[in-house]
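For reference, the structure discussed in these notes is given below.
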């Protein structure tokens, strides 16, 4: 930028000092704790050099000098006074001057034609081909805006928004990010003269994130390519790239779940705001382990279930693992997510001690029975499983039916526990908000659940007893 300024304003070059507004750096976190620390400082990172020309779009880049399995170099634009956390290697790549309106005003340089300077910097660095054709003349930079949508063919013929997803765009070291609204509309704050590279970052404004497939940084990234500086819109369908489609569905299903946790002033505890969700297409099994939140679990026990993913699960401790192998359409993914996030709400009410017993009971039963999900109901601590799975399948059914108006299927009706008990009560006025109030940490088996409901809702005594007696 300094050379471009000097070439256009040669008589001013010696008297005007352009102070760096940003530093382009690369950082080498040692582990997940370092990544979290950097994220807490507000550092937005990418796993590839910002000045690399991307020949083929992909999910991630791993520096060939960094061993596989280690976190790769992370590239970011930070303020000049940035200090990396202790132990995190930080290398300065370039000092940058980004001529945003605030910087220009503070420096008293609002007389400069910064559009012309920016164009000149492209030419001097051999990147004039990146300028949009219309900007090769005198034209104002554009602020990108657009809409991210997806088609749920079983819900509506019209596309719906990808709610709350983060949209990112950049040209070299100039970055901007924003969250889409409920309907998928977004608008950046910064302006661009050349085609930015657009990405969807699956970190939602509700707080939950989806982990990437191999190099785990906060939020999976789906690259959308270079597009007009005026903005880019995309409609995702089942025919789109599979990972993009599944990520968008999981995003929307989770967003809907968070929204469903309150109605008319009554609330179900939402999952934690920093919930981490990992989706694995080769896997069939799903689990809400809540490891990221501090649940303690013998991860070696789940190696038979998660296989080759065990080392990274040990390292990065996800909360929710979604096995999406047999879930390829919107509706199927939708009810899967509702089930697992219902578990996450239950966890928020009962805590780690309860959850450890619940998870270990399921794992022991699965392994000892040769893969029988949930065991048989005769195992030690099976009451934890009965209550937890009744709740999760009940919510899965209720939210699926509310969305698709389909009462022909009852998820979870083939096991030894009975979500039908809650469905029976719900149909007669004891809704999910009332039922959730009974799911406290001291309720660990069916009889205790029944007794708690009778204490909380004596006016519904007949309905409660009918429900439990119907499904003995």
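Numbering (my numbering), first residue to last: 56 to 527. Idealized CB from N, CA, C, for every residue including glycine. None of these values were measured; they are calculated from a predicted model.
Minimum C-alpha distance to residue 240 - residue among 203, 344, 440 and 96
Checked all of 203, 344, 440 and 96; the closest Cα to residue 240 is 203.
Hey, residue 403 and residue 326 are a contact pair by Cβ (cut 8 Å); roughly how many whole angstroms apart?
Residue 403 to residue 326, Cβ: 7 Å. Contact.
Tell me which residues share the same chain as residue 149 and place their Cβ nearer than 6 Å to its Cβ, disregarding the 5 neighbours each side in the sequence.
79.
Per DSSP, the bridge partner or partners of residue 149
Among the bridge pairs identified by DSSP, residue 149 is matched with 79.
Member of 77, 407 and 118 whose CA lies at the smallest distance from the CA of residue 83
Among 77, 407 and 118, the Cα nearest to that of residue 83 is on 118.
Give me the Cβ distance between residue 151 and residue 228, rounded to the nearest whole Å; I'm assuming they're in contact under 8 Å.
Contact holds; Cβ gap of about 5 Å.
Residue 286 in three-state terms, based on DSSP
Residue 286 falls in the coil class under three-state DSSP.
Under the rule that 16 or more other beta-carbon atoms within 10 Å means buried, what is residue 323, buried or exposed?
Classification for residue 323: buried.
8 Å Cβ shell around residue 263 - same chain, five flanking residues per side excluded
Excluding residues up to 5 positions away in sequence, 309, 313, 326, 328, 329, 330, 331 and 332 lie with their Cβ nearer than 8 Å to the Cβ of residue 263 in the same chain.
Looking at the structure shown, is residue 436 part of a helix, part of a strand, or coil, going by DSSP?
Here residue 436 carries a coil assignment [DSSP, helix/strand/coil].
Since residue 386 is in the alpha helix (DSSP H), which residue starts that stretch and which ends it?
Boundaries of the alpha helix (DSSP H) around residue 386: 385 to 423.
Using a Cβ-Cβ cutoff of less than 7 Å, which residues in the same chain neighbour residue 279 once the five nearest sequence positions on both sides are dropped?
The beta carbon of residue 279 sits closer than 7 Å to those of 253, 254, 255, 287 and 289, all from its chain and outside the five residues before and after it, given in chain order.
N- and C-terminal bounds of the alpha helix (DSSP H) containing residue 224:
It is not in any alpha helix (DSSP H) - residue 224 instead sits in the beta strand (DSSP E) that spans 221 to 226.
Boundaries (first-last residue) of the beta strand (DSSP E) holding residue 231:
Run containing residue 231: 229 to 234, per the beta strand (DSSP E) assignment.
Less than 8 Å between the CB atoms is what I'm expecting for residue 380 and residue 336, so what's the real figure, rounded?
Cβ atoms of residue 380 and residue 336 come within 8 Å of each other, at about 6 Å.
Quick test of your reading: residue 197 and residue 246, contact by CB under 8 Å. State the CB separation rounded to the nearest angstrom.
Residue 246 and residue 197 do touch by the CB rule: their CB atoms are close to 6 Å apart, below 8 Å.
For residue 249, does the three-state DSSP call read helix, strand or coil?
Looking at residue 249 - three-state DSSP - the assignment turns out to be strand.
Roughly how many angstroms lie between the CA atoms of residue 499 and residue 411, to the nearest whole one?
Cα-Cα distance, rounded: 13 Å.
With a Cβ-Cβ cutoff of 8 Å, do residue 374 and residue 416 count as a contact?
Taking 8 Å as the Cβ cut-off, residue 374 and residue 416 do not qualify as a contacting pair.
Do the stretch 425 to 434 and the stretch 454 to 462 make contact, defined as three or more Cβ pairs closer than 8 Å?
By the Cβ criterion, the stretch 425 to 434 is not in contact with the stretch 454 to 462, since fewer than three pairs of Cβ atoms, one from each stretch, lie closer than 8 Å.
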